[in-house]
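Protein sequence lines, in the order shown, are assigned to chains A and B.
Quick note on the numbering used here: the first sequence kicks off at 277 and runs consecutively.
Quick note on the numbering used here: the second sequence kicks off at 189 and runs consecutively.
Presented below is the structure to which this report refers.
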Amino acid sequence: MKKKLNLTGILLIAAFVVFLVLAGRGMPPRDLLITTLRGFSVGSVTFLVAAGFSLIFGLLDVLNLAQGTLYMIGAYVGWTVFVRPDTFVDVTPIILFLMAGFALNFLWDYLADKIKLDPQKKKILGWSMVVVAVALAAFILPRYPIAMWQLNNYAQSPISFSYMADQGIRLPVAPAQAKGIPPMLALYGGLAISALLAFGLALIRYKENRQHSLHWKKWQVFVILLLLGTLIMAFNTPLSNWLMDMNTNWLFIIAIVVSVLSVVGLGALMEKTMIQPLYSRPVYQLMLTLGLGTIGMQLVKAIWGMPEFVLPKPEFFRGAGAACPATSIKDIFTHNCSTIMILGGRVRVYDEIVLPIIGITVLILVWLLLKKTRIGMIIRAGVQDSNMVEALGINVRRVFTFVFALGAGLAALGGVLSAPSNGLSVAMGEKLLLNALIALAIGGLTSYPGAALGSLMVGLIQQFMIKYGQIGIPIPFTDIIFKPTPAIIPASTMLLMVIVLLILPNGLLGRQD
Amino acid sequence: MKTKQSFLSRYKGILIFFAVMLLLPFVIGLFEGSNPLEVWNNQGRFSKYLEGIGIEIFILAIFALSYDLLFGITGLMSFGHTMFFAVAAYATGISLKTLGLPLWQVLLIIVGTSIVQALLFSIVLPRVKGVTFTMVTLGLASMFHIIVMSSDMIKLTGADVGLQGVPKPAFIDPSIERLRFYVVALLILVLVYIFYRRFIDSPTGRVSIAIRENESRAKMLGYNTTAFKVVVMLIASFTASIAGVLHTLYQPIVSPTIADLGYTVTGLLIVLIGGIATLSGSIVGAFVIKILDLGLRGIMKDSAPLVTGIVYVVFVLFVPYGIVGSLKLGGLRIKEGWQMLIERFGLKKLFEKKK
């Protein structure tokens, strides 16, 4: 399909640029640069959420309103790994074991085939197994030992841990205490739960005439999960200590990887179990994601508490000393300066330089994925017409899951990256979701470059409005100076969205059809 | 079927509901040991508390009815519906408190604001469709929320604390004349319901349903669909505004959360639980939501919204037609919604054999 450049869109962008240039007249170049960089920073975090949103909407036609919550969960998981590695080490084995049962699905299918029972009884057996598994879970999971923060004890609350970690102090934490049953038993109880659940579900969905094989390669995942879980459990304390004493730079990278991976898993699970059955009813999908978003938010509130806290920055961005602020890029690497002097103004390295760079890198990487790989080709084709792609013999459902998980992962990446600069709060997801929605509406809902453009515009406008709140806007061709109050900042992006949508209902770069 | 039905038999259900709700405070009064005269003079204790809950439910139900007309009947998925409600609530509060106007003038103002807002939303209508409409309405409503919350307007709106100390007109003051307020709210709910029923049965209402089912076909048949949508928008806006007025008159504080997306979602939840496009479902849903909320708040304190969220997801997945819709589909055999899940979990044969 040849893309026609639409004139109205170009005119709008031109008007936007002219407005910025005219309005920026009264600003010294230093302020202009810093404000632009901040705009890019906000824009890249918004983009990470918006990109996933646009991919999901484009391919699956699902308006994933839970994207904001996934972003928030990403940030909170990242915080846990970074500030309380011991909790993370405690929780990992049981999650691995709960997954291990489902890794044996081929075996359960085989057994379901071998059991000599008539189909109806198989189903009843399956359901009773599920019930037993749930009962077992209710007994074992609360008794599984986890060393955690406490919400109603200020000295042990997430805020205190954040503050101490920020000061470079690790509070001594008591290792998890066994609650009634030995920890190892509780762990293998987890395996029993998942095995029962998976077997039960295999019996329930059993159909005849299936090809079964018990090839050794199929056992790999199960064995790896089992070994990993057992090892982590056995070396719990040394592992926690090792992570605690680790260089925070590496810990930060681990936190990013873990949070992205866990939210990718969560997204895939969500898509497989809840969104797939609703493909025939789009309005319900919208309402479902809205409900899931609320549930996720309440869960985060229940686990991490209502008060806000910050993810401390890793060492690399914390340096402060005689050599700081840095005057050259070399200084950042030798002294780890947290700020750098550009045009006589202090620019924060992490917030205003690293975040935009990561944003642009992800933009390019996902663009390459879409343009150069086979799966990207399928995705692009699916955005055009997913029924046709399915008719060509491609398993679109699997690609759907992949895209949903990818979108969730991008949101989580945005969450964990923005946590050091914007902090963590229960409302963070909703706030960012609104920003991302505005960005997408401006850029065009299903257009990937549109998501980038829209996010950038939202970020720039917000930051410029904040700056103008301090210095006042010289309204072009007059002497009046207009000072927007903090309340107008979010309203200004909304206004831009409404104007753009009234002129171009499909957004700046959206498909015109 | 063109049999002429009398008014009574046609609106049997809602009239019975009206009678029951009217008698309820007196019956409750008898149970707690205060005679009907005391209840009449607003001297009951538990019955007065119950009247309060009833008023809140009626207000929610009026709001949900207007959302059902817009979203369920006409198929316009607006995420800014609460703006109608909140603008009316704030306009009432400000004109009673700051401007000191009498109630009838306030009502005139409300008529004006509701028309203006409906027209504002209608400017968008012919241009944007589907998801974009949802987002534009969300944007408009969020802008109002931001303005209400902003510190510039603190003298008028009370910013994030809310609008306090609105003088209530003496003849309908909920703390003194609670029973009268209760009856007025109930009467408005019943009138709105009857009006909506009539509207759906009217030619205009039929076209609205046609727009939901297939807009291009309605257009092909020669209907100016935009005009019909504007009519629906006007009705929904006015109804939601009435609910907003009642909200301000009843509540001691008008909190800015009513301008939030969350309040629209509450409306959506009520409609969904009761049954989309059933009208009576909105009333049932309002009862369920309020009672669920009260019950959970007693038991679970802060995590009540979690349970509400789970109920919501369960309804979307398992009872997509809501309570009233499922009943209309014939007993508890909820057709498509269950069937899809039954097929998914491989239970189809099990159910077929049992029959």
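Where is the CB? At the ideal position from N, CA and C, for every residue including glycine.
- Closest option to I764/A, judged by alpha-carbon separation, among V504/B, Y500/B, M331/B, P493/B: M331/B.
- Leaving aside the five residues that flank M573/A on each side, the residues in its chain whose CB is nearer than 8 Å to its CB run, in chain order, T345, M348, V702, G705, E706.
- It is roughly 29 Å from the alpha-carbon of G232/B to the alpha-carbon of Y381/B.
- Only V559, Y560, Q561, L562, M563, L564, L566, G567, L568, G569, T570, I571, G572, M573, Q574 from the region 559-574 of chain A bring a Cβ to less than 9 Å from some Cβ of chain B.
- In this structure G510/B touches I464/B by the C-beta definition: roughly 6 Å separates them, less than 8 Å.
- Residues of the same chain with a CB within less than 6 Å of the CB of L502/A, apart from the 5 flanking positions on each side, are A376 in chain order.
- When C-beta distances to chain A are compared with 8 Å, the residues of the region 296-319 of chain B below that value are I311, V312, R315, V316, K317, V319, in chain order.
- If you check the CB distance, V365/A and S516/A come in under 7 Å.
- Here the region 269-285 of chain B lies against the region 446-454 of chain B, with 3 or more beta-carbon pairs under 8 Å apart.
- Annotated three-state conformation of R622/A is strand, per DSSP.
- Taken in chain order, the complete alpha helix (DSSP H) segments of 4 residues or longer contained in the region 683-758 of chain A are 704-719, 724-747.
- Residue pairing by DSSP places V442/B opposite L351/B in a beta bridge.
- The DSSP-derived three-state label of T615/A is strand.
- Chain-order list of chain B residues neighbouring I391/A: empty, with the shortest C-beta distance near 15 Å, by a criterion of under 8 Å.
- For F382/A, the secondary structure class from DSSP, reduced to helix, strand or coil, is helix.
- If you draw a 10 Å sphere on the C-beta of E401/B, you find fewer than 16 other C-beta atoms in it, and that means exposed.
- For V504/B, the nearest beta carbon of chain A is closer than 7 Å to its own beta carbon.
- Chain-order list of chain B residues neighbouring P781/A: R315, V316, T320, by C-beta distance under 7 Å.
- E706, L710, L713, I714: these are the residues of the region 692-714 of chain A whose beta carbon lies less than 9 Å from some beta carbon of chain B, given in chain order.
- Contiguous alpha helix (DSSP H) elements confined to the region 283-357 of chain A occur at 283-299, 305-336, taking only those with 4 or more residues.
- Residue-level contact check: M405/A does not touch chain B, since none of the beta carbons of chain B fall below 7 Å from its beta carbon.
- Ranked by Cα distance from A409/A, the options K494/A, L374/A, K397/A are led by L374/A.
- DSSP places D389/B inside the alpha helix (DSSP H), whose first and last residues are 366-389.
- For a Cβ distance threshold of 9 Å, residue set V312, V324, G327, L328, M331 of chain B lies close to V774/A, ordered along the chain.
- For Y278/B, no chain A residue has a Cβ inside 9 Å of its Cβ, as the nearest lies near 15 Å away.
- Here F592/A carries a helix assignment [DSSP, helix/strand/coil].
- For T286/B, there is no enclosing alpha helix (DSSP H), since its DSSP letter is neither H nor E.
- Interface residue (Cβ-Cβ distance to chain A less than 7 Å): G497/B is classified as such.
- Nearest CB-CB separation between V501/B and chain A: below the 7 Å threshold.
- In its chain, beyond the 5 residues on either side, P357 have a beta carbon closer than 7 Å to the beta carbon of L291/B.
- For the 7 Å CB-CB criterion, F246/B and A373/B form a contact.
- Here the C-alpha atom of S470/A lies approximately 15 Å from the C-alpha atom of V497/A.
- About 7 Å separates the Cβ atoms of Q426/A and S433/A, confirming a contact at the 8 Å cut-off.
- Inclusion of V776/A and I718/A in the CB contact set at 7 Å is warranted, their separation being smaller than that value.
- When secondary structure is reduced to three states using DSSP, A423/A falls in the coil class, being assigned neither helix nor strand.
- If you draw a straight line from the Cα of G327/B to the Cα of D448/B, it comes to about 11 Å.
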